[in-house]
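**Student:** Under the working numbering, residue 142 is the last one in the sequence shown; the count climbs by one each step, no gaps. The C-beta atom is built at its ideal place from N, Cα and C for all residues, glycine as well. On a predicted model such as this, the values are computed, not experimentally measured, just so you know.
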Amino acid sequence: MVKILKNGIIALLFAQPIFADFDELWNPSCNTRIQLLKEYGFAFCLEKGYEDPKQSFEKQPSFMRHLGFIRGGSIELSMLGREKFEELEKYILTYLSNPKNIPITKHQSKLYVLACLRLYDSPKYQDEVKRIVKKYCKDCK
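(1) Only counting the same chain, and skipping five residues up and downstream in sequence, which positions put a Cβ closer than 6 Å to that of Gln127?
(2) Is it the case that the Cβ atoms of Cys117 and Cys46 are separated by a distance below 7 Å?
(3) Confirm, please, whether the CB-CB distance from Tyr92 to Gly50 is below 7 Å.
(4) In angstroms, rounded to a whole number, what distance separates the CA positions of Ser123 and Lys39?
(5) To the nearest angstrom, how far is the alpha carbon of Ile35 from that of Lys131?
(6) Going by beta carbon distance, what residues of the same chain come within less than 7 Å of Phe43, once the five residues before and after it are set aside?
(7) Check for me: the alpha helix (DSSP H) holding Pro124 runs from which residue to which?
(8) Let me check one thing: in DSSP terms, what residues is Lys142 bridge-paired to?
(9) Let's test the definition: count the other Cβ atoms within 10 Å of the Cβ of Leu94 and tell me whether it reaches 16, buried, or not, exposed.
(10) Which two residues bound the contiguous alpha helix (DSSP H) that contains Asn32?
Here you go:
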């Protein structure tokens, strides 16, 4: 339990962007909001691709636990509001549900890392993240 807690704290510390301005932490700029939501979506994509619902959180590989911490433990992310995440999660789940988006090895292993990287780099994903942020951010135009 202590090891899990220690790993969680370390993951939280490294998941936090370093802000030069304290105000940026509590009222992130539009570009910061976009970047945070993009990164959240990437972690969500990997987590959904590789999750094993049969395993408890504690027994999952540390990689999976760290994705969960990145997605759920950031002060900055909590400032964005839950509805943004739900909208992006739906978009990502739709992407992952299309077999054409998931590369497969010759041994029939699904390469979710590559699928999620391709999504993260795609102009459609960039546009969707921007659209979602602007929809919920009155200061973002």
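**Tutor:** The relevant details are as follows:
(1) Position 126 of the sequence shown, counted from the start, is the residue given in the question as residue 127. Cβ within range, chain order: n/a, list empty.
(2) Counted from its first residue, the sequence shown places residue 117 at position 116. Counted from its first residue, the sequence shown places residue 46 at position 45. Going by beta carbons, Cys117 and Cys46 fall inside the 7 Å limit.
(3) Looking up residue 50 in the sequence shown gives position 49. Looking up residue 92 in the sequence shown gives position 91. No, the pair does not count as a contact, with Cβ atoms beyond the cut-off.
(4) If you number the sequence shown from 1, residue 123 lands on position 122. If you number the sequence shown from 1, residue 39 lands on position 38. The alpha-carbon separation between Ser123 and Lys39 amounts to approximately 11 Å.
(5) As a first step, residue 35 must be located in the sequence shown, where it is residue number 34. As a first step, residue 131 must be located in the sequence shown, where it is residue number 130. For Ile35 and Lys131, the distance between alpha carbons rounds to 6 Å.
(6) Position 42 of the sequence shown, counted from the start, is the residue given in the question as residue 43. Closer than 7 Å at Cβ, skipping near neighbours: Cys117, Tyr121.
(7) Translated into positions along the sequence shown, residue 124 becomes position 123. From DSSP, the alpha helix (DSSP H) with Pro124 extends over 124-137.
(8) As a working mapping, residue 142 is identified with position 141 in the sequence shown. None; Lys142 has no bridge partner.
(9) As a first step, residue 94 is located in the sequence shown; it is residue number 93 there, counting from the start. In summary, Leu94 is exposed, with fewer than 16 beta-carbon neighbours lying within 10 Å of its beta-carbon over all protein chains present.
(10) Position 31 of the sequence shown, counted from the first residue, corresponds to residue 32. First-last of the alpha helix (DSSP H) with Asn32: 31-51.
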